């Protein structure tokens with residue numbers, strides 16, 4: 026196996042991009058990554074594109090062909106593959122690209138993620154997203170993702186004493202971080218009171234406990250580590266790339282206050298990289314809801330089970346603290362274009378490790394972790410990156 | 026790179042399976058493949074699942090998690106990845122599985138394909154399938170796949186003198202072959218007159234020039250060739266696995282009477298396997314319409330451009346003739362559950378090379394080729410298999 030490094034990154038602004046189409050945004054992100062890496066389009070050997078549901082959002086499938094075509098690479102008949110695992114589609118695209126390069130099949134590969142969610146109305150979007158859960162056992166009964174994560178939150182509160190204020194502290198931190206991120210969908214800080222007084226969506230989750238509906242795209246270019254220095258002075262090395270599954274439905278889990286897919290993916294990633302959670306300087310985790318960030322920081326091993334809410338309330342996950350989590354603003358405030366999220370996380374960590382994150386820079390960050398989840402944990406993908 | 030072999034195969038009956046759900050059929054095919062290989066479920070290291078549009082057909086995404094869960098493999102947190110390239114989704118799943126094993130990342134991998142198409146009405150199905158074309162430049166203008174392939178057929182007739190009778194000869198051969206395949210959707214032979222007298226769908230294509238709407242699933246298990254003999258006396262070796270793209274829309278091609286994605290994928294596959302078209306004993310090609318089979322047998326190199334229609338009319342692609350094509354009945358008569366097709370082609374060729382194809386057996390077949398296309402050629406995938 027060859028070592029693999031990220032040599033280029035690109036990301037659109039996240040938000041309601043009504044003046045741009047799906048094909049506009051993935052080309053925009055891809056071209057940024059290509060220019061950042063200083064590669065020629067013809068040097069690219071393969072494309073992996075993460076997308077959850079363009080079939081329903083914009084009635085377009087065959088996205089890999091569309092991507093190759095609109096990237097101007099159809100003329101070289103480039104192999105192009107779309108992967109999907111709901112909100113973990115981006116993470117899967119990165120992992121497939123890493124696998125393709127590590128194996129020696131390909132040298133320079135672009136891993137992208139894109140989702141255009143705002144071209145249908147909000148009710149439709151909620152139903153499309155519910156397709157990440159078990160349609161026959163959850164969706165048909167009326168379960169949507171806010172209600173699924175609300176059940177998780179309620180039991181976490183019951184078992185561990187987690188409070189609404191602690192959930193809100195996740196949102197407050199992530200909105201504050203996003204205020205220093207010019208790509209973020211929401212750049213206004215919020216207070217604990219703002220969160221608690223926002224509309225109740227699914228008790229105990231308020232509107233500001235939920236990630237938004239977002240358009241956006243991101244791309245990274247990966248290459249064998251041995252040639253990465255030809256393209257960049259700051260290659261970002263991929264130390265581990267792991268992917269796991271679990272039951273798609275919540276009712277089949279032994280314990281819904283932990284995502285076993287995250288626990289196993291994290292253990293495998295730390296074993297592969299020969300590191301422990303204490304070695305990580307910065308993390309982007311999958312905070313589709315505030316409770317999800319608390320699960321993540323516990324399940325990855327940054328904090329003991331049940332102590333994630335208190336740790337957040339105590340400021341231990343802020344920029345400059347023990348383990349800065351979601352410096353980008355996370356899914357919560359930077360936005361969550363589902364297929365793009367896993368790749369945007371990689372872009373953020375790469376920028377941080379390069380020292381190019383501006384006002385939200387985590388000083389001295391050398392090792393970063395990315396955690397991307399599909400649905401309520403039916404899929405988890407973890408990458409560990411280093412300078 | 027390690028050599029890779031198929032050690033187990035499984036395939037459901039193809040047809041209107043109204044008494045079975047999506048999850049029923051992929052589990053059925055997967056269990057058949059697992060039993061055929063004699064592996065334990067826990068020995069499987071990864072799943073790749075090809076599916077085009079379960080999001081729209083059954084409102085379910087996150088299919089990889091669903092597959093792992095209903096296959097009983099969520100308990101081992103198996104990495105499970107859905108890939109999509111319209112009708113080439115199955116071919117992509119096989120190629121990703123081959124790549125995962127060849128690279129040494131995984132040892133025993135299941136590549137499956139499944140599509141449940143008959144749970145929505147026919148108009149909706151046609152629109153779902155049109156999402157494999159360019160929605161903004163083709164679909165919105167009213168183009169559906171019969172009309173897109175009709176344009177190809179019309180120009181092929183104009184340039185090369187191909188006739189409606191020659192197109193019909195593809196259907197006649199494939200329906201005859203399917204009459205010997207107990208899994209096929211249509212097991213009744215048809216005549217040239219039947220085809221020419223069937224409803225005109227998009228001039229010059231009649232109803233019997235078109236592949237049907239089908240439910241079905243298929244699965245193969247791949248492993249390193251060096252350990253394949255531990256599982257089976259008849260491993261089927263994968264000599265080449267290539268994937269290409271082209272423009273998603275027809276109007277951007279230099280010549281619409283050839284699929285450049287097929288030409289390039291075939292050339293690469295023959296180079297990799299150090300073989301020529303003349304070395305192939307049997308082929309399953311992507312006959313979504315009768316004209317598509319004629320393009321395929323020309324673009325792969327079995328016949329010169331423009332001579333595919335005549336060759337078919339002369340019986341050169343029948344079982345027992347020069348190059349038997351679509352002994353299974355093809356997409357045309359065996360059926361075309363889009364995401365399953367590429368894997369079902371592999372099952373058919375594996376059965377033929379094992380000498381287990383019963384009445385439709387191609388005697389002495391030792392080397393077979395599989396050709397799977399997405400849309401109108403925006404993606405092409407070719408595999409070459411041998412005993």
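Protein chains in written order, with my numbering: chain A, 26 to 412; chain B, 26 to 412.
Yeah, the Cβ is synthetic: ideal placement off N, Cα and C, and Gly gets one too.
Keep in mind that this is a model prediction, so the values were computed, not measured.
Quick check on residue 424 of chain A: buried or exposed, where buried means 16 or more other Cβ atoms within 10 Å of its Cβ? Nothing in the structure corresponds to residue 424 of chain A, since chain A is present only between 26 and 412.
Given a threshold of 16 other Cβ atoms within 10 Å of its Cβ, counted over all protein chains shown, does residue 77 of chain B qualify as buried or as exposed? buried
Going by the DSSP bridge assignment, what does residue 105 of chain A pair with across the sheet? Beta-bridge pairing links residue 105 of chain A to A:72.
Which runs of the alpha helix (DSSP H) spanning at least 4 residues fall entirely within the segment 254-312 of chain B, listed in chain order? As far as the segment 254-312 of chain B is concerned, its whole alpha helix (DSSP H) runs of at least 4 residues are 285-298.
Look at the Cβ atom of residue 324 of chain A, then the Cβ atom of residue 287 of chain A, and state whether they are nearer than 7 angstroms. Yes, Cβ-Cβ distance for residue 324 of chain A and residue 287 of chain A is below 7 angstroms.
Residue 83 of chain B touches chain A at which residues, Cβ-Cβ below 8 angstroms? Contact of residue 83 of chain B with chain A by beta-carbon distance below 8 angstroms involves 160.
Can you list the residues of chain B that residue 130 of chain A reaches, using a CB-CB cut of under 9 angstroms? 26, 124, 127 and 128
Nearest CA to the CA of residue 219 of chain B: which residue from B:210, B:230 and B:32? Here the closest residue by C-alpha is B:230.
DSSP has residue 35 of chain B in a bridge; who is on the other side? B:244
Give the residues of chain B in contact with residue 188 of chain A, contact being defined as C-beta atoms less than 8 angstroms apart. Simply none; closest approach about 31 angstroms.
List, in chain order, every chain B residue whose beta-carbon is nearer than 7 angstroms to that of residue 268 of chain A. 104
Got a sec, what are the start and stop residues for the alpha helix (DSSP H) residue 156 of chain B sits in? Here residue 156 of chain B belongs to no alpha helix (DSSP H), and DSSP marks it neither H nor E.
Endpoints, beta strand (DSSP E) assigned at residue 350 of chain B: No beta strand (DSSP E) holds residue 350 of chain B; DSSP gives it neither H nor E.
Closer than 7 angstroms, Cβ to Cβ, to anything on chain A: give me those residues from the segment 314-327 of chain B, in chain order. none
What's the call for residue 65 of chain A, buried or exposed, on a 16-neighbour Cβ count within 10 Å? exposed
Please classify residue 183 of chain B as buried or exposed, where buried requires at least 16 other C-beta atoms within 10 Å of its C-beta. exposed
Taking a contact to mean a Cβ-Cβ separation below 7 angstroms, would you say residue 281 of chain A touches residue 177 of chain A in this structure? yes
I need the boundaries of the alpha helix (DSSP H) containing residue 172 of chain A, first residue and last residue. Following the DSSP letters along the chain, one finds residue 172 of chain A inside the alpha helix (DSSP H) bounded by residues 170-185.
Between the CA atoms of residue 384 of chain A and residue 72 of chain B - distance to the nearest angstrom: 42 angstroms
Contacts around residue 404 of chain B, its chain only, beta-carbon distance under 6 angstroms, and the 5 residues preceding and following it disregarded: Counting only residues of its own chain and dropping the five nearest sequence neighbours on each side, residue 404 of chain B has a CB closer than 6 angstroms to the CB of 110, 113 and 270.
Residues from the segment 268-294 of chain B in contact with chain A, defined by Cβ distance under 8 angstroms: 268, 269, 270, 271, 272, 273, 274, 277, 285, 286, 289 and 290
Give me the residue from B:400, B:408, B:369 and B:409 with the minimum Cα distance to residue 89 of chain A. Nearest of B:400, B:408, B:369 and B:409 to residue 89 of chain A, Cα basis: B:400.
With 7 angstroms as the limit, tell me which residues of the segment 393-410 of chain A have their beta carbon closer than that to any beta carbon of chain B; keep them in chain order. 399, 400, 403 and 404: these are the residues of the segment 393-410 of chain A whose beta carbon lies less than 7 angstroms from some beta carbon of chain B, given in chain order.
Spell out whether any CB of chain A is found under 7 angstroms from the CB atom of residue 75 of chain B. no
Residue 407 of chain B in three-state terms, based on DSSP: For residue 407 of chain B, the secondary structure class from DSSP, reduced to helix, strand or coil, is strand.
In the DSSP output, what is residue 231 of chain B paired with across the bridge? B:225
Given this structure, state the Cα-to-Cα distance separating residue 364 of chain A from residue 330 of chain B, to the nearest angstrom. Distance between the alpha carbons of residue 364 of chain A and residue 330 of chain B: 41 angstroms.
Using the beta-carbon of each residue, which ones in chain A are nearer than 7 angstroms to residue 80 of chain B? Ordered by position in chain A, the residues that pass the 7 angstroms Cβ test against residue 80 of chain B are 78, 80, 81 and 156.
For residue 100 of chain A, which of B:408, B:402 and B:410 has the nearest alpha-carbon? Out of B:408, B:402 and B:410, B:402 has the C-alpha closest to the C-alpha of residue 100 of chain A.
With 16 as the cutoff for other CB atoms within 10 Å, does residue 165 of chain A come out buried or exposed? exposed
Under 6 angstroms Cβ to Cβ from residue 236 of chain A, same chain only, skipping five residues before and after it: list those, please. 313, 356, 357 and 361
Bridge-paired residues (DSSP) for residue 218 of chain A: In the DSSP output, where bridge partners are listed per residue, residue 218 of chain A has none listed.
Shortest alpha-carbon distance to residue 366 of chain A belongs to which of A:28, A:32, A:27 and A:37? The shortest CA-to-CA distance from residue 366 of chain A to any of A:28, A:32, A:27 and A:37 is the one to A:37.
The segment 247-264 of chain A contacting the segment 202-222 of chain A, beta-carbon criterion three pairs below 8 angstroms: Cβ pair count under 8 angstroms is below three, so no.
Determine the contact status of residue 117 of chain B and residue 167 of chain B, defining contact as a CB-CB distance below 7 angstroms. No, the Cβ-Cβ distance between residue 117 of chain B and residue 167 of chain B is not below 7 angstroms.
Give me the Cβ distance between residue 52 of chain B and residue 136 of chain B, rounded to the nearest whole Å; I'm assuming they're in contact under 8 angstroms. Not confirmed; about 15 angstroms, so no contact.
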